[in-house]
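The listed protein sequences correspond, in order, to chains A and B.
Its first residue numbered 1, the first sequence is counted upward by one per residue in the numbering used here.
Its first residue numbered 1, the second sequence is counted upward by one per residue in the numbering used here.
Have a look at the structure below, then the notes.
There are 2 protein chains.
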Amino acid sequence: MINAPQGRAVQHTAGPAVSTAVESAMRRALALAAQGPSHGPNPRVGCVLLDPGGRPVAEGFHRGAGTPHAEAAALAAARSHGIDPRGTTAVVTLEPCAHHGRTGPCADALIDAGVATVHVAVSDPNPVAAGGAATLRAAGIEVTTGTLADEGEELLRHWLHAVRTGRPYVTLKLATSLDGRVAAADGTSRWITGPQARAHAHTIRAQVDAIAVGTGTALTDDPSLTARTIDGGLFEHQPLRVVLGRTAVPDDARLRGPGGALLHLPEHDLAVVLGRLAEREVRHLLVEGGPTLATALLATDAVDEVHAYVAPVLLGSGPTVVGDLGITTIGAAARFATHDVTRLGDDVLMVARRTQPVTNSLTNPQPAYPRQNGRPSRPTTEEI
Amino acid sequence: MINAPQGRAVQHTAGPAVSTAVESAMRRALALAAQGPSHGPNPRVGCVLLDPGGRPVAEGFHRGAGTPHAEAAALAAARSHGIDPRGTTAVVTLEPCAHHGRTGPCADALIDAGVATVHVAVSDPNPVAAGGAATLRAAGIEVTTGTLADEGEELLRHWLHAVRTGRPYVTLKLATSLDGRVAAADGTSRWITGPQARAHAHTIRAQVDAIAVGTGTALTDDPSLTARTIDGGLFEHQPLRVVLGRTAVPDDARLRGPGGALLHLPEHDLAVVLGRLAEREVRHLLVEGGPTLATALLATDAVDEVHAYVAPVLLGSGPTVVGDLGITTIGAAARFATHDVTRLGDDVLMVARRTQPVTNSLTNPQPAYPRQNGRPSRPTTEEI
Chain A
1 MINAPQGRAV QHTAGPAVST AVESAMRRAL ALAAQGPSHG PNPRVGCVLL DPGGRPVAEG
61 FHRGAGTPHA EAAALAAARS HGIDPRGTTA VVTLEPCAHH GRTGPCADAL IDAGVATVHV
121 AVSDPNPVAA GGAATLRAAG IEVTTGTLAD EGEELLRHWL HAVRTGRPYV TLKLATSLDG
181 RVAAADGTSR WITGPQARAH AHTIRAQVDA IAVGTGTALT DDPSLTARTI DGGLFEHQPL
241 RVVLGRTAVP DDARLRGPGG ALLHLPEHDL AVVLGRLAER EVRHLLVEGG PTLATALLAT
301 DAVDEVHAYV APVLLGSGPT VVGDLGITTI GAAARFATHD VTRLGDDVLM VARRTQPVTN
361 SLTNPQPAYP RQNGRPSRPT TEEI
Chain B
1 MINAPQGRAV QHTAGPAVST AVESAMRRAL ALAAQGPSHG PNPRVGCVLL DPGGRPVAEG
61 FHRGAGTPHA EAAALAAARS HGIDPRGTTA VVTLEPCAHH GRTGPCADAL IDAGVATVHV
121 AVSDPNPVAA GGAATLRAAG IEVTTGTLAD EGEELLRHWL HAVRTGRPYV TLKLATSLDG
181 RVAAADGTSR WITGPQARAH AHTIRAQVDA IAVGTGTALT DDPSLTARTI DGGLFEHQPL
241 RVVLGRTAVP DDARLRGPGG ALLHLPEHDL AVVLGRLAER EVRHLLVEGG PTLATALLAT
301 DAVDEVHAYV APVLLGSGPT VVGDLGITTI GAAARFATHD VTRLGDDVLM VARRTQPVTN
361 SLTNPQPAYP RQNGRPSRPT TEEI
């Protein structure tokens, strides 16, 4: 199960017993959804089918682009066990899609299967795929939305942000001493944080679509930007490696070694950069450095979440984690809201999120995120 | 109960049942001890008396200088309930003292009472008071030491440090942004951290013997350095207020208002400063600022514990929490060991401790800490 706060009660249901069964099924559907990949162009969705007595009879989840949607997976599971889905209640974490992708719309599949009722956690904000609830209702199916909506929003946080704003969710990783330094005066920085913090950072790399650094970091540190396990092996998923800036990436750079595809964007305009990444279906971008890029992102209000790994270390000199942000007084500080605090060995990870709405300058008014059935259609190994 | 890790098993006892009873009684004695004041010249001590069957029959703890020691309190409690302490087992968190203060030595009191066995968590390192175990053994009483020794050491951490080194335990408080800044470029700093972090810092003030700032902070911020409750009232205990530096404290400074006594030390030599505070029976010194004093303490390896309140804020400019420490490479960083991490609203508190032994330059070879029965004998309202 995902670690979710106490959810809201289901609305518009037949009674307390059904309400409890639906909420329980939605928790299961959320847990199923969380088994899908957190990266990739498609949202993570789970679905549980209940018989008229409220008992679960089949379930399914989306395993990533190119595989069946959760509703189709649940219906197929029911049929494979000889269960007729007619009259069942479908409990699904995201509003069933109404568009034709590689397969037909999930709304039609539920109608064709004779499902009687549909409970949804989160409505689909995607203008291409939305309308599933209306399609279902037009077919006489009772639809309620908002069951465990907060948990559903949290699970789909990055995808929803990308659909709503037309640009990737940007997570800025920082790894600093208590005095905000990323290296000592002589430039040495290995290691400020400890092995547990570094291992954790690699698990985050394995969950995102892309990871970005500036050319300065690419040339100075020669990073591989791979997602590695504790024993040094590569995770199955490797994020797209993005280098921002005009300087060429050397032929022998580790960035050209094993790992995700390399994308070199000579852009300095971050709105353009994020738009380019959106076109490539990057929903979640992890930015790892260094101070120049972090400063540019913060100064343009492009950071949606900060992952700050803080070590119990004081240096007293050396480069600081961010440069001048044009902030002159405390009331104008770039302030985030702490979402989670985790101790990792001697270090602490603060996960803190945006407190202000996304500014328009970075929002694409025409979201570039069709919800797909197929594999991403664009090439992923190019340099621009 | 104190929040203690799993303790060691008792050694040298009659058997598992007695062992369990003694360990249980020691946990109670530690909890009792923790009810005593964490400030003041005397250690916090608790004592539980067990009958020959291992059942607790009386208990006591030390309530601060000028009140009975824990053993005397427990014996008095037994007698007030008509219980003869002869043949009982005394379970006490610190080795009973062997010196004559305002009352006679606790070791003699236990011998006179006819106690049969004594279990101790921590031996007394105080050369004036030590020797209690030997006195008891010479009188034919069985004495074991080391029961829940780790928990006992933790409870007496500041006092033991002061007795062993001859100088106060120094806790350095830092309150910073994620980029290690204590104020914005225009000097504004209210508030980087939130109300929960500030309230927590006041509870720490109420637990220490003294609180120190440099004259720079005293003049710039005009702090009161009082320990205040959430509603703005004063805690019963107010720490000695220490200002370090040559500049005079203005007549109308808040430091001269309600609160603890004011001590102005024009010293720049931190070994001398700590020695002066040790003479005044300061066991635990909290240093609150600013960067100049923090830097001096860190540069002389005088910091025993760091309390870093970190806010999810980025400033990009403004003064950093510490200045140049003479550290040029990462291997020479001032590195502490994290003891505890606490989320306080949006902020996080990292409590991190010294990893290297105290250096000799700051250690007084002749500890100036007699364990007292009486009130501190030195005046506490002077300026030097």
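Built from N, CA and C at the ideal position, the CB exists for glycine as well.
What you are looking at is a predicted structure, and each value in this text was computed from that prediction instead of being measured.
Between the segment 217-240 of chain A and chain B, which residues of the former have CB atoms less than 7 Å from a CB of the latter, in chain order?
-> Residues: none.
Burial state of residue 252 (chain B), where buried means 16 or more other Cβ atoms lie within 10 Å = exposed
For residue 190 (chain B), which residues in chain A fall below 8 Å Cβ to Cβ?
-> 330
Span separating the alpha-carbon of residue 289 (chain A) from that of residue 231 (chain A) = 24 Å
Are there 16 or more other CB atoms within 10 angstroms of the CB of residue 394 (chain B), so buried, or fewer, so exposed?
-> In the structure as shown, chain B begins at 1 and stops at 384. Residue 394 (chain B) is therefore absent and cannot be evaluated.
Is the shortest distance between the beta-carbon of residue 52 (chain A) and the beta-carbons of chain B less than 8 Å?
-> At a cut-off of 8 Å between C-beta atoms, residue 52 (chain A) does not count as an interface residue with respect to chain B.
Rounded C-alpha distance that separates residue 302 (chain A) from residue 170 (chain A) | 7 Å
List, in order along the chain, the chain B residues whose C-beta lies closer than 8 Å to that of residue 170 (chain A)?
-> What residue 170 (chain A) touches in chain B: nothing, since even the nearest Cβ is about 14 Å away.
In the structure shown, what three-state DSSP assignment does residue 374 (chain A) receive?
-> Only weak support exists for where residue 374 (chain A) lies, its pLDDT of 36 falling under 50; the value from the coordinates is given anyway. Note: residue 374 (chain A) maps to coil in three-state DSSP.
Going along chain B, which residues have a C-beta under 8 Å from residue 350 (chain A)?
-> In chain order: 178, 310, 312, 348.
Could you have a look at residue 211 (chain A) and say whether DSSP puts it in helix, strand or coil?
-> strand
The segment 185-198 of chain B / the segment 264-272 of chain B touching (three or more Cβ pairs under 8 Å) = no
What residues match up with residue 307 (chain A) in a beta bridge as DSSP calls it?
-> Looking at the DSSP output, residue 307 (chain A) bridges to A:173, A:351.
In terms of residue numbering, what span does the alpha helix (DSSP H) encompassing residue 153 (chain B) cover?
-> 149-155
Bridge partner(s) assigned by DSSP for residue 343 (chain B) | B:348
Please determine, among B:149, B:243, B:256, the residue with the shortest C-alpha to C-alpha distance to residue 277 (chain B).
-> Closest in alpha carbon position to residue 277 (chain B), among B:149, B:243, B:256, is B:243.
Give the straight-line distance between the Cα atoms of residue 336 (chain B) and residue 148 (chain B), rounded to the nearest whole angstrom.
-> 25 Å
is_contact[residue 24 (chain B), chain A] using C-beta, thresh 8 Å = It does not: the Cβ of residue 24 (chain B) has no partner Cβ on chain A nearer than 8 Å.
Starting from the C-beta of residue 173 (chain A), find all residues in its chain whose C-beta is less than 7 Å away, skip the five residues before and the five after it, and write them out in chain order.
-> 201, 286, 287, 288, 307
If you follow the alpha helix (DSSP H) that residue 277 (chain A) is part of, which residue opens it and which one closes it?
-> That run of the alpha helix (DSSP H) goes 270-279.
Cutoff 7 Å; reference residue 159 (chain B); Cβ partners in own chain excluding five residues on either side | 43, 283
Round the Cβ separation of residue 358 (chain B) and residue 165 (chain B) to the nearest angstrom and send it over; I've been treating them as touching at under 8 Å.
-> 5 Å
The segment 277-296 of chain B: positions lying closer than 8 Å to chain A by Cβ = 295
Could you please give the first and the last residue of the uninterrupted alpha helix (DSSP H) stretch that includes residue 137 (chain A)?
-> 132-138
Can you find a C-beta in chain B that's less than 8 Å from the C-beta of residue 3 (chain A)?
-> Confidence at residue 3 (chain A) is low in this model, with a pLDDT of 38, below 50, so its placement is unreliable and the value that follows should be read with caution. Taking Cβ atoms only, chain B never reaches closer than 8 Å to residue 3 (chain A), which makes this a no.
Using a Cβ-Cβ cut-off of 6 Å (strictly less than) and excluding sequence neighbours within five positions of residue 349 (chain B), which residues of its own chain qualify?
-> 309, 342
Counted within 10 angstroms of its Cβ, other Cβ atoms place residue 214 (chain B) as buried (16 or more) or exposed | buried
Evaluate residue 356 (chain B) with the Cβ neighbour count: other Cβ atoms within 10 Å of its Cβ, from every protein chain shown; 16 or more gives buried, anything less gives exposed.
-> exposed
Could you tell me if residue 186 (chain B) is buried or exposed, where buried requires 16 or more neighbouring beta carbons within 10 angstroms of its beta carbon?
-> exposed
What first and last residue would you give for the alpha helix (DSSP H) that runs through residue 106 (chain B)?
-> 106-113
Pairwise C-alpha distance: residue 327 (chain A) and residue 347 (chain B) = 20 Å
Considering residue 241 (chain B), what are the terminal residues of the alpha helix (DSSP H) in which it resides?
-> It is not in any alpha helix (DSSP H) - residue 241 (chain B) instead sits in the beta strand (DSSP E) that spans 240-244.
Three-way DSSP call (helix, strand, coil) for residue 71 (chain B) in this model = helix
With distances taken from CA atoms, which of A:208, A:132, A:191 is nearest residue 120 (chain A)?
-> Shortest Cα-Cα distance from residue 120 (chain A) to any of A:208, A:132, A:191 involves A:132.
On a CA-only basis, which of B:354, B:156, B:168 is nearest residue 124 (chain B)? Give me that one, please.
-> Nearest C-alpha to residue 124 (chain B): B:156.
Terminal residues of the alpha helix (DSSP H) in which residue 291 (chain B) lies | 291-299
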